[in-house]
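Number of protein chains: 2
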Amino acid sequence: MRDALVAAAFQLFLERGYEQTTVDDIVALAGVGRRSFFRYFPSKEDVVFPDHERCLAEMTAFLADSGDEDEPVQRVCDAVRIVLRMYTENPTFSVQRYRLTKKVPGLRAYELSVVWRYERAFADHLRGRLAGRPDGTLQADVIAAAVAAAHNNALRSWLRSDGQGDASAALDHALGYVQQAFTTPPAPADEEPEDVVVVVSRRRAPLWRVVQEIESALAQE
Amino acid sequence: MRDALVAAAFQLFLERGYEQTTVDDIVALAGVGRRSFFRYFPSKEDVVFPDHERCLAEMTAFLADSGDEDEPVQRVCDAVRIVLRMYTENPTFSVQRYRLTKKVPGLRAYELSVVWRYERAFADHLRGRLAGRPDGTLQADVIAAAVAAAHNNALRSWLRSDGQGDASAALDHALGYVQQAFTTPPAPADEEPEDVVVVVSRRRAPLWRVVQEIESALAQE
DNA sequence: CCACAGGAGGACACTCAGTTCCCTTCAGCA
DNA sequence: TGCTGAAGGGAACTGAGTGTCCTCCTGTGG
């Protein structure tokens, strides 16, 4: 029944447009009552995103049952792969929907609220894990937004190519950029218990300048 | 007239809630015709955000007339301060609206679409400036999202404090985190032609270890 | 002072999304 | 056979948003 409504809706949306199609048209084509439509979809927009509620629940569960030892950013990056998989499982449907949402402002707004719920799930998870750090909630919000933006960037370029390219590889690449940005570079800290780490840049200077800099750096604290 | 409609709308929204207030109620209180409401505000939601259209135009203009020599990320950070200023100029109004949007899902969705347009303006500007780099659009999207998230984080904590704290300082702090994340660390390059920069971390080590590390660091290249 | 054009606002009716209430149907069961 | 509860259908209603036409007000030229 749900599937019949989705199929009828997309058939009409594609041939005459979203706003030119009324709910009555959809239920007439599907051969069901108007009231039944709103039993399955709380609004006309929901029929365009029939699987997001399930995907959001799945992703939330994935984040919820992550062990304490996991790297939180890594976990969120893995979670966003679940979302991408939902798109790539039905390439033609995803591409059709993309063309639709690109045209209709109302659908774009609805999609934003969906994306926002994913982002909120990321941020909530990171908030819990980064609670100890000084700017925990700030970092959580910013990293969540960056991960979502990387996902959207990879997804949209895949959708623009009509589902031809390798979306998963594009997402990995984009997430790599985000992770590189948000993992503090001067703290290897776990590969080997090093007592001292020295970073020297700009080597075209005489040795005495290096020593001078070291002395001032050591003297500051 | 616009102001009268906004005032009447907020009076009713605050005393009986957004969804319990019809457009007819608003125009009755303001003493104008129903049709006039929709002349000034294309939808009922727009009356809640009466100044965003102007602010968006102002911000877009600010981004448009930026010289080529400016640091693009810095420019976007300056642009987002314009948005924050719009909020802090009317603290009580902003706080009232915040309480409203927090409760009403429809208003939250509308606010998301507004925020998205700001973010799009950031991303478009960065896309133009970062077009040369290999992952230009990806970096533009991610940085734009991070800047917007930092702004929202600072704004929301200010709104939660009923407009008491220093929003501007909070934003500066948040933007500092974003800039630190997205500016490649080993390239100061413009503050002063320094010949050598030394970073020493983990100082609880004997001096000979420090020297040893320096020697190996210098020997590597 | 009068005629007139144009824009701002108002009155009314209409479409359509979403809701409420109630009806029918049918399966399972005592 | 009668009962019950879930699934669906259907009519009527509310309210947002739109289109159309009318009125009023204002400024301008004769």
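In order, the protein sequence lines correspond to chains A and B. Residue numbers are given in this note's numbering: position 134 of the first sequence equals residue 134, and the series is strictly consecutive. Residue numbers are given in this note's numbering: position 113 of the second sequence equals residue 113, and the series is strictly consecutive. Idealized CB from N, CA, C, for every residue including glycine. Since we're looking at a predicted model, the values are computed, not measured.
- The segment 132-145 of chain B and the segment 143-156 of chain A touch, with no fewer than 3 CB-CB distances between them shorter than 8 Å.
- Contact between the segment 33-52 of chain B and the segment 73-81 of chain B is absent: fewer than 3 CB-CB pairs across the two stretches fall below 8 Å.
- Closer than 8 Å at the C-beta level to chain A, one finds these residues of the segment 119-153 of chain B: ASP135, THR137, LEU138, GLN139, ASP141, VAL142, ALA144, ALA145, ALA146, ALA148, ALA149, ALA150, ASN152, ASN153.
- The beta carbon of LEU84 of chain B is closer than 8 Å to those of HIS151, ALA154, LEU155, ALA167, SER168, LEU171 in its chain, skipping five residues each way along the sequence.
- For GLY136 of chain B, the secondary structure class from DSSP, reduced to helix, strand or coil, is helix.
- In the same chain as SER66 of chain B, and ignoring 5 residues on each side of it, the C-beta atoms closer than 6 Å to its own belong to ARG75, in chain order.
- In this structure, the CA atom of ASP3 of chain A is about 19 Å from the CA atom of THR88 of chain A.
- Contact of ALA61 of chain A with chain B is not assigned, every C-beta pair being separated by 8 Å or more.
- It is roughly 11 Å from the alpha-carbon of ILE143 of chain B to the alpha-carbon of ARG120 of chain B.
- Proximity of chain A to TYR177 of chain B at the Cβ level (cut-off 9 Å) is accounted for by ASP135, LEU138, GLN139, VAL142, in chain order.
- Within its own chain, the residues whose Cβ lies closer than 8 Å to the Cβ of GLU58 of chain B, once the five positions on either side in sequence are excluded, are ILE82, listed in chain order.
- In this structure, VAL95 of chain A sits away from GLY165 of chain A, with a CB-CB distance that is not shorter than 8 Å.
- Check the Cα spacing between ARG34 of chain A and each of A:TYR110, A:GLY176, A:ALA9, A:LEU112: the tightest is with A:ALA9.
- As summarised for the segment 37-122 of chain A, the continuous alpha helix (DSSP H) elements at least 4 residues long and confined to that stretch are 52-64, 72-89, 91-103, given in chain order.
- A residue is called buried once 16 or more other Cβ atoms fall within 10 Å of its Cβ, and LEU14 of chain B, having fewer, is exposed.
- Between ARG129 of chain B and PRO72 of chain B, the CB-CB gap stays under 8 Å.
- Inclusion of ALA146 of chain B and VAL114 of chain B in the CB contact set at 8 Å is not warranted, their separation being larger than that value.
- Here ARG97 of chain A is buried: its Cβ has 16 or more other Cβ atoms, across all protein chains shown, within 10 Å.
- Note that the C-beta distance between VAL23 of chain B and LEU107 of chain B is not below 8 Å.
- In the three-state reduction of the DSSP assignment, VAL147 of chain A falls in the helix class.
- Flagged as an interface residue toward chain B: PHE182 of chain A, by a C-beta distance shorter than 8 Å.
- Where GLN179 of chain B is concerned, the enclosing alpha helix (DSSP H) starts and stops at 167-182.
- Within 7 Å of the CB of TRP116 of chain B, the CB atoms of chain A belong to LEU112, in sequence order along the chain.
- At a cut-off of 8 Å between beta-carbon atoms, ALA109 of chain A makes contact with chain B.
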